[in-house]
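Asks:
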Amino acid sequence: MAKFTILASITTILATLGLAKLSANDALAVNPCVTKEFKTELARDACAKGGQPAAKDAMKAFMKEAKLKSCNACHSKLAPNYELKADGLEQFKKLGGKVIAGNAKAAPATAAKAASK
Ligand code: HEC
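Residue numbers for the sequence shown, in the working numbering: 266 to 382.
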């Protein structure tokens, strides 16, 4: 009987710990994206909808279609800042990812012209 009581309280403790862990994860789930000026529609739309977790999901779906295996093909680092490799955006474009018009390649010549006005 005593054995049973101990077991019951262990179960209660474990359940409580489990709940605490869950809510900590929930708090993380609303991490906003670090990018402020998006170059891709994919990331912009996903980040607007659900922050980094949504962006991750969108990236995963994109990779599946592009038949890529690793996030590190384009990112030099993952969480928390997801730094891109020098050719990360280029790869994304080549694989058919949609970039936001006018933002992806600000041609230096055009930029200089605009500045001199
Ligand atoms: C084909 C290249 C490519 C691959 C593979 C890729 N990403 Fe990305 N990712 C990008 C680009 C490009 C951006 C920047 C988007 C922008 O500026 O609009 C980005 C942005 C992100 C962001 C937004 C970061 C922020 O906070 O602003 C997250 C999160 C992310 N990627 C996660 C992932 C994860 C997780 C994987 C693997 C499942 C992955 N990416 C694989 C190209 C890629």
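All C-beta atoms, glycine included, are put in the ideal place defined by N, C-alpha and C.
Met323: buried (16+ other C-beta within 10 angstroms of its C-beta) or exposed?
Replies: Residue numbering aside, residue 323 sits at position 58 when the sequence shown is read from its first letter. Going by the sequence as given, residue 323 is Ala instead of Met. Label assigned to Ala323: buried.
Asks: Under the assumption that Cys336 contacts Gln356 (Cβ atoms under 8 Å), give the Cβ distance between them as a whole number of angstroms.
Replies: Translated into the one-based positions of the sequence shown, residue 336 becomes position 71. Translated into the one-based positions of the sequence shown, residue 356 becomes position 91. Going by Cβ atoms, the distance from Cys336 to Gln356 rounds to 12 Å, so no, they are not a contact pair.
Asks: Classify Thr270 as helix, strand or coil using the three-state DSSP reduction.
Replies: Here residue 270 refers to the residue found at position 5 of the sequence shown. Correct three-state label for Thr270: helix.
Asks: Terminal residues of the continuous alpha helix (DSSP H) containing Pro318?
Replies: Start at 1 with the first residue of the sequence shown, and residue 318 comes out as number 53. First-last of the alpha helix (DSSP H) with Pro318: 306-331.
Asks: Take Val299 and list the residues in its own chain whose beta-carbon comes closer than 6 Å to its own, dropping the five residues that flank it on each side.
Replies: Mapped onto the sequence shown, residue 299 falls at position 34. Contacts found: Asn346.
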